[in-house]
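When the letters of the sequence shown are read in order and numbered with numbering that gives the first Met the number 0, they come out as residues 0 to 163.
C-beta atoms are modelled at their ideal positions from N, C-alpha and C, and glycine is treated no differently.
Owing to the predicted nature of the structure, the values given are computational and were not obtained by experimental measurement.
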Amino acid sequence: MGPVQSPQRKGRVPQYSRNQLVELQQKFNELEAFGVFKRPEDIGVEYVNPSFLVKKPNGSFRLVTAFAAFYQIPLSSDSMKYWGVVTPFKSVRVYVRFPMGMSGSETALEELMCRVLGDLVEEGVVAKIADDLYCGRNTQLELLQNWTRVLQALQKKSLNLSAS
Numbered sequence: 000m001g002p003v004q005s006p007q008r009k010g011r012v013p014q015y016s017r018n019q020l021v022e023l024q025q026k027f028n029e030l031e032a033f034g035v036f037k038r039p040e041d042i043g044v045e046y047v048n049p050s051f052l053v054k055k056p057n058g059s060f061r062l063v064t065a066f067a068a069f070y071q072i073p074l075s076s077d078s079m080k081y082w083g084v085v086t087p088f089k090s091v092r093v094y095v096r097f098p099m100g101m102s103g104s105e106t107a108l109e110e111l112m113c114r115v116l117g118d119l120v121e122e123g124v125v126a127k128i129a130d131d132l133y134c135g136r137n138t139q140l141e142l143l144q145n146w147t148r149v150l151q152a153l154q155k156k157s158l159n160l161s162a163s
C-alpha cells in the first residue's frame, strides 16, 4: 500500500492553469453548496490536505483530496479541525462530512449501512458487497417493490446513492 503521508500544516494549491484553477474552485463551490464543506470560522484548522482534479471518462472532473470521496456521514465538530483543504481562490474549507480513505471510514460506512439496511439485508430484499447494493427479485413488480423499500430506507436517513 505504501507509506502514508502526514497532512500538511500549510496548504498548497496545485500549479494548474487558470482554467483548471477555476474548474477546481467550481468543484469546491458545488460541494460547499451541497453541504460537504464549510468555512472554518469557528474551527482552528490544524492540518490541510492537497486537492486535485481528475478527469473522468465522460470529460467532467472529479475532486480528489488525497483520499476518495464519500460525503455521507457527518463529522463531529471536534474532528473537522483535522480535515481542512485549501481552495484556489477562497482559502481554507473544512470537511463537514466523513471522507472515504480516512482511517476507520470503511468501518463507519459498514456500521451505517447495517443500521439503515440491516433488516432489508436479513429479509433478502437487498445485498451489500463493500459499498455496492444489489437488489433483485423474480418479477419486475417484486423488484420495483424491493427497490422502493431500499430507497425509502435510505431517504429516511437522508442518504444518497451514486450511479458511479
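Residue i versus residue j: straight-line alpha-carbon distance, rounded
{"i": "L160", "j": "R96", "result": "15 Å"}
{"i": "Q151", "j": "N145", "result": "10 Å"}
{"i": "V195", "j": "L142", "result": "Since the first residue shown for the chain is 0 and the last is 163, residue 195 is missing from the structure and cannot be characterised."}
{"i": "D118", "j": "V124", "result": "9 Å"}
{"i": "S76", "j": "R38", "result": "12 Å"}
{"i": "L158", "j": "L74", "result": "15 Å"}
{"i": "E121", "j": "N18", "result": "49 Å"}
Burial state of residue i (16 or more Cβ within 10 Å)
{"i": "R92", "result": "buried"}
{"i": "T86", "result": "buried"}
{"i": "F36", "result": "buried"}
{"i": "V53", "result": "exposed"}
{"i": "L30", "result": "buried"}
{"i": "V21", "result": "exposed"}
{"i": "F27", "result": "buried"}
{"i": "P56", "result": "exposed"}
{"i": "L23", "result": "buried"}
{"i": "G58", "result": "exposed"}
{"i": "G135", "result": "exposed"}
Three-state class that DSSP yields for residue i in the structure shown
{"i": "F60", "result": "strand"}
{"i": "A68", "result": "With a pLDDT of only 37 at A68, under 50, the local geometry of the prediction cannot be trusted, and no value is derived from it."}
{"i": "L160", "result": "coil"}
{"i": "D118", "result": "helix"}
{"i": "L52", "result": "strand"}
{"i": "L20", "result": "helix"}
{"i": "D77", "result": "helix"}
{"i": "K127", "result": "strand"}
{"i": "R38", "result": "coil"}
{"i": "V95", "result": "coil"}
Spatial neighbours of residue i in its chain, beta-carbon cut-off 6 Å, leaving aside the 5 residues before and after
{"i": "Q25", "result": "none"}
{"i": "N133", "result": "The residue asked about is misnamed: residue 133 is Tyr in this sequence, not Asn. Excluding positions up to five away in sequence, the list reads A126."}
{"i": "R61", "result": "V53 and K55"}
Beta-carbon proximity list for residue i, same chain, < 7 Å, skipping 5 on both sides
{"i": "M112", "result": "K127"}
{"i": "K156", "result": "V115"}
Chain-order list of residues whose beta-carbon lies under 8 Å from that of residue i (same chain, five-residue window excluded)
{"i": "G34", "result": "V95 and R96"}
Whole-angstrom C-beta distance between residue j and residue i, which should lie under 8 Å
{"i": "K165", "j": "I42", "result": "What is shown of the chain runs 0 to 163, which leaves residue 165 out entirely."}
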